[in-house]
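One structure is given here, and the rest of the page talks about it.
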């Protein structure tokens, strides 16, 4: 088993990750909204409340376990125990790691304040950098509304579908590994990534070439998969040397918002997929 472990408490999110299945107490320490026993008071009687913990217990019976839990912080304290949260799940049938220790996962998103319904995404976890990847439009996401009495079963069916999608995404990763990028293609991907995060790329606090810098020797390769991972890690994990609007030296911050993490991850994957199609 990989040796990674982290627990964070940041400005707008809390998260916990272990190299084994999380206990309920560990999940609750980072994402208490998973255990909400009623919907937020803003929800109407038509809102079908199914606690995330009930869905997780149903999934556990089928072999799924949570290895990461994350929750968004909110300014409205009345929503703190109902807000958007994310669980990264694994199943023993899809636990085999790839060449670089990348393990397939399922991302389960939900809230109990109306900010989202149940959503399931295909993901991968790269242990060497504790980096969570989310597939783009290679595989459609699955959404389950808060309605009816079969929500838990519908989410389970969705998880099984996502497991099937893992094979498609894994094959796409192998395609990425087989494609060698020119310097121009690498710069194009990095420039597009800057434009994804900053409204005005010309005024961005970082340069596109900084996203291409490798944080470990094995990532210093020109194939699309290695380039994609460098760009993704530098853009989302933060720590890149930057300059603020007034010229002060600083470093970029890690993306901790669940919504922004999903948006950037999927958009980057889609960019890589389109680049692969263009040069294949």
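Residue numbers (the working numbering): -8 to 271.
The C-beta atom is built at its ideal place from N, Cα and C for all residues, glycine as well.
State buried or exposed for residue i, treating a residue as buried only when at least 16 other CB atoms are found within 10 Å of its CB.
| i | result |
| --- | --- |
| residue 256 | buried |
| residue 96 | buried |
| residue 117 | buried |
| residue 114 | buried |
| residue 270 | exposed |
| residue 200 | exposed |
| residue 72 | buried |
| residue 145 | buried |
| residue 224 | buried |
| residue 143 | buried |
| residue 16 | exposed |
| residue 126 | buried |
| residue 160 | buried |
| residue 158 | exposed |
For residue i versus residue j, is the C-beta distance shorter than 8 Å?
| i | j | result |
| --- | --- | --- |
| residue 231 | residue 184 | no |
| residue 47 | residue 78 | yes |
| residue 167 | residue 263 | yes |
| residue 81 | residue 53 | no |
| residue 84 | residue 13 | no |
| residue 211 | residue 229 | no |
| residue 202 | residue 179 | no |
| residue 150 | residue 111 | yes |
Could you tell me the alpha carbon to alpha carbon distance between residue i and residue j, rounded to whole angstroms?
| i | j | result |
| --- | --- | --- |
| residue 28 | residue 42 | 6 Å |
| residue 134 | residue 259 | 21 Å |
| residue -5 | residue 136 | Bear in mind that the predicted position of residue -5 carries a pLDDT of just 40, short of 50, making it too unreliable to give a figure here. |
| residue 74 | residue 175 | 42 Å |
| residue 152 | residue 195 | 39 Å |
| residue 5 | residue 191 | 29 Å |
| residue 248 | residue 268 | 30 Å |
| residue 25 | residue 266 | 38 Å |
| residue 103 | residue 7 | 20 Å |
| residue 3 | residue 64 | Note on residue 3: pLDDT 48, under 50, position unreliable in the model; no value is reported. |
| residue 94 | residue 206 | 20 Å |
| residue 107 | residue 9 | 26 Å |
| residue 141 | residue 44 | 15 Å |
| residue 233 | residue 251 | 20 Å |
| residue 100 | residue 92 | 24 Å |
| residue 0 | residue 245 | A caution first: residue 0 carries a pLDDT of 47, below 50, which makes its placement in the model too unreliable to give a value. |
| residue 163 | residue 261 | 11 Å |
| residue 148 | residue 50 | 10 Å |
| residue 186 | residue 193 | 9 Å |
Just to check, is the beta-carbon of residue i closer than 7 Å to a non-hydrogen atom of the ligand SAH?
| i | result |
| --- | --- |
| residue 107 | This structure lacks the ligand SAH; in fact it carries no ligand of any kind. |
### Query
Below 8 Å, can you find three or more Cβ-Cβ pairs linking the stretch 13 to 21 to the stretch 52 to 67?
yes
### Message
Would you call the stretch 233 to 241 in contact with the stretch 207 to 219, where contact means no fewer than 3 C-beta pairs closer than 8 Å?
### Response
no
### Task
Note down, one range per segment and in chain order, each alpha helix (DSSP H) of at least 4 residues found wholly within the stretch 106 to 171.
The qualifying runs are 142 to 169.
### Query
Counting only runs that start and end within the stretch 198 to 259, where is the beta strand (DSSP E) found for 3 or more residues in a row?
232 to 234 and 240 to 242
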